[in-house]
Amino acid sequence: MIDEKEFIKQLLDPQTQNTAFQKLLSDYQRPLYSHIRNIVLNHDDADDVLQNTFIKVFQYLKNFKGESKLFSWMYRIATNEALTFLSQKAKLSGISSEDLQNKTIDNLKADLYFDGDEIQIKLQKAIVTLPEKQQLVFKMKYFEELKYEEIAEILGTSVGALKASYHHAVKKIELYVTSN
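According to full-length UniProt numbering, the sequence shown holds residues 1 to 180 in order.
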């Protein structure tokens, strides 16, 4: 595997750009889709957000300073794109983001790409009750099994704050699941 700086050079070089971008897609498409899907919940929406994410990555790669890993930078773009998408979708529907997420959860059973059971739906309903940052931290740690250091880099916060957010999220989810 070539080092990241060399890979970024290849992505920016018109001579090697297409091949490098194909590699970028093959390496990151699946994990970014999973990350986005955990946020937006709907398969079609996740596909749209993923496409927008890769467009932004391609568009802004020349501005990437290398202060974080490429992976973290792309995840941050994906996270922002997913949150913006949800916000815009809720606004267009004339409902709150939480109501939109609840509506999406109610439709999960009909989603061909969702293979969860009643427990998974209950977990998703519990997650929606959390503040946005706790939702993100919980989903990234629980579903994607990212390390706190990776999440800190993606969200631009401290590991200590993330551990506290995750702990509070778990307690709230446990309370929701046992009382509903």
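In this text, a Cβ means the ideal position worked out from N, Cα and C, and glycines have one as well.
In whole angstroms, what is the alpha-carbon distance linking residue i and residue j?
| i | j | result |
| --- | --- | --- |
| T157 | K163 | 11 angstroms |
| Q134 | Q15 | 43 angstroms |
| D48 | L175 | 34 angstroms |
| G94 | T84 | 15 angstroms |
| P131 | K91 | 18 angstroms |
| Q120 | A46 | 18 angstroms |
| A152 | L41 | 23 angstroms |
| M1 | Y166 | Any reading at M1 must be qualified, since the residue scores a pLDDT of 47, below 50, and its modelled position is unreliable; the value itself is stated next. Those two C-alpha atoms are separated by around 33 angstroms. |
| K9 | I77 | 20 angstroms |
| N180 | D99 | 18 angstroms |
| M74 | N18 | 18 angstroms |
| F71 | I154 | 9 angstroms |
| L12 | K62 | 7 angstroms |
| E118 | I105 | 11 angstroms |
| D27 | F21 | 10 angstroms |
| Q88 | H43 | 17 angstroms |
| N80 | F7 | 24 angstroms |
| Q124 | A161 | 23 angstroms |
| L50 | P31 | 10 angstroms |
Residue i by DSSP, collapsed to three states: which one?
| i | result |
| --- | --- |
| T129 | coil |
| M1 | Residue placement at M1 is flagged as unreliable, the pLDDT there being 47, under the threshold of 50; the coordinate-derived value follows with that caveat. Here M1 sits in coil by DSSP. |
| S97 | helix |
| D106 | helix |
| residue 204 | One cannot answer for residue 204 here, as it falls past the ends of the chain, which runs 1 to 180. |
| I121 | helix |
| E144 | coil |
So, using beta-carbon positions, are residue i and residue j closer together than 8 angstroms?
| i | j | result |
| --- | --- | --- |
| L25 | F58 | no |
| E149 | V137 | no |
| K139 | I39 | yes |
| A82 | I36 | yes |
| E4 | K69 | yes |
| K122 | V177 | yes |
| L86 | S97 | yes |
What are the boundary residues of the alpha helix (DSSP H) that includes residue i?
| i | result |
| --- | --- |
| T19 | 17-40 |
| Y75 | 70-93 |
| T53 | 43-60 |
| Y148 | 148-155 |
| G160 | 159-179 |
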